[in-house]
Structures are given as structure tokens and as C-alpha cells.
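Have a look at the structure below, then the notes.
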Amino acid sequence: MKLKKIASLALAGIMAVSMLAGCSTTSVDPEPTPNPGDDEPTVSGYSQMLYNHLSNAAKKKVTAQDSDAVNNALATAMEYAAGNTISSSYDDYIDGDTHVVNNGDWSNAPDSLKNGANVLINELAAENTLKDSVWMAFNVLDPDTTNYQRDNMNISMLFVADGLKSKNAVMDEVAAWIDQQVQWLEDDYDLPGDIFQDNGGHSMNTDYEYTMSVAADTITLTADHGKSMTFVAVNIARV
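Residue numbering for the sequence shown is -21 to -1, 1 to 218, as defined by mature numbering (1 follows the signal peptide of the UniProt record, and there is no 0).
Next comes the structure, spelled out in C-alpha cells:
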């Protein structure tokens, strides 16, 4: 009798397990819905950092926008800065200040740094030149009767600083270089009308927006007492 009861209990247990197995389901997590903006660079790096150091008046003129093209162009430009360039520049030219390389006023900058600044300009198809100072470079973006319809103009500048400075401090000093010029960016352009239209007034009005993309990186010479140089690429585009 005991054997029958034990067998009955064992059979009931087996049936219960079978029923539970039959009722179980496998949970498959659904694939995440792609975000339309996932492929777009996020504004979380140096573009935003430099933007934060601009004055309120300048912030009204530009939008911070990270750019893979600017990151890649800076990496290419930095290939021209060999160890000797960084070592000698650290001692002779990086005097605690942040300098803009493509500037006719900084004539003593090593040729290798100037070559890097020129490569940055070429890589981004920028329309300023190596010898343009900051204000001259920004003037390139001023609309006139020959370029007012273009929405793909850009300028690119290479800055260098002591690599021991924090990136935040470097961006603050770069902002001091460009803030006034950003404020003066033209946000509209009136094409002069002829004498028969609107009594010699304006025949049209064109509005402009500007983006500011920034990349930064530091090279440190571990074998040379930690001498280092931070490179900052700033690209301003009229869109």
C-alpha cells in the first residue's frame, strides 16, 4: 500500500513538472528602435566646452556642433608636430599663453606647426589662408554681392597651448581670441536694389546661421620631462 502511495505521489510530481514546463515561455527582448539621430555626433565635447566660454552676445551667433571631419583634420595636422617641434616650442614659443598658429603676427612659429595649420585648412576646404590673422579669417565669412548666396563657407584655425594646462583653461583662452569676432558675424545681408526699385532701397534680405566645431588633443613627450602641447582646431561655418 505504501508503495502504491509513493508511486502515486511520484507520478503527480512528474505531471506537475510537465505542466509547468508546458506553460513556461521564452522571453526575447525586442530589438531597440533605432534613434534617427544616433549617427549624428553629439555636442558633448570640446565644441560645447568652447561655446560655454563665449560671451552671451557671441553665443547668440553660433551653434556648437561636434564634427568628425574636424576631429580627423586635427589628427592629420598633428602628424606634423614631431618631438623636436614640441620640445623646442615648449621652451621658446609656448610661454604660458595660447597661440593661434595661422596668424601672420606669430612669425616665429616653427614651420612644422604652420604646415599643420595649413593642412587643417586644406582638409576642411576652409577659405581663409595660413597668413590670415583671426579677424582676417572671420572677415572671409562676411557676405557680399559675390558670395551672399553661398551656405557652405567655412574658416579653420589651429591653436596651440601648454599641454599641462587643463582643457577648460585652454578653451577659455581660445574664447578670448575669437569672442569679439564671433559677435561681429553677419546674420543677414541686404542686397542693394537698383535706383528703380524701392527708391534705391534693398531688393532682398538673406539670413545666415553659423556652426562652431572644435577638436582638441594633447601630445606629451614622456622622455623629455613631460613637455607637452595641446592642439585645438576651431572651425566656423556659415550654413
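The C-beta atom is built at its ideal place from N, Cα and C for all residues, glycine as well. These numbers were taken from a predicted model, which means no experiment stands behind them.
| Item | Value |
| --- | --- |
| Evaluate residue 39 with the Cβ neighbour count: other Cβ atoms within 10 Å of its Cβ, from every protein chain shown; 16 or more gives buried, anything less gives exposed. | exposed |
| When you compare only the Cα positions, how much space is there between residue 190 and residue 43? | 6 angstroms |
| Within 10 angstroms of the Cβ of residue 17, are there 16 or more other Cβ atoms? Answer buried if so, exposed if not. | With a pLDDT of 39 at residue 17, under the threshold of 50, the predicted position of this residue should be treated as unreliable, though the coordinate-derived value follows. The residue is exposed, with fewer than 16 neighbouring Cβ atoms inside 10 Å. |
| Taking the Cβ atom as the reference point for each residue, do residue 184 and residue 46 lie within a distance shorter than 8 angstroms? | no |
| With the cut-off set at 8 angstroms, would you say residue 105 and residue 135 are in Cβ contact? | yes |
| Considering residue 147, what are the terminal residues of the beta strand (DSSP E) in which it resides? | Where residue 147 is concerned, there is no enclosing beta strand (DSSP E), although the alpha helix (DSSP H) it sits in stretches over 146 to 162. |
| Look up residue 217 in the DSSP assignment and give the residues it is bridged to. | 132, 189 |
| From the DSSP secondary-structure annotation, give me the bridge partner or partners of residue 194. | 212 |
| Return helix, strand or coil for residue 120, following the three-state DSSP convention. | coil |
| In terms of residue numbering, what span does the beta strand (DSSP E) encompassing residue 169 cover? | 167 to 171 |
| Count the other C-beta atoms from every protein chain shown that fall within 10 angstroms of the C-beta of residue 90, then say buried if there are 16 or more, exposed otherwise. | exposed |
| Figure out for me which residue from 49, 126, 165, 94 has the closest Cα to the Cα of residue 58. | 94 |
| Report all residues from its chain with a CB closer than 7 angstroms to the CB of residue 161; omit the five preceding and five following residues, and keep chain order. | 33, 37, 40, 41 |
| If you compare alpha carbons, which of 209, 187, 205 is closest to residue 196? | 209 |
| Please report the distance separating the alpha-carbon of residue 148 from that of residue 126. | 36 angstroms |
| Measure the C-alpha to C-alpha separation of residue 97 and residue 186 and round it to an integer number of angstroms. | 30 angstroms |
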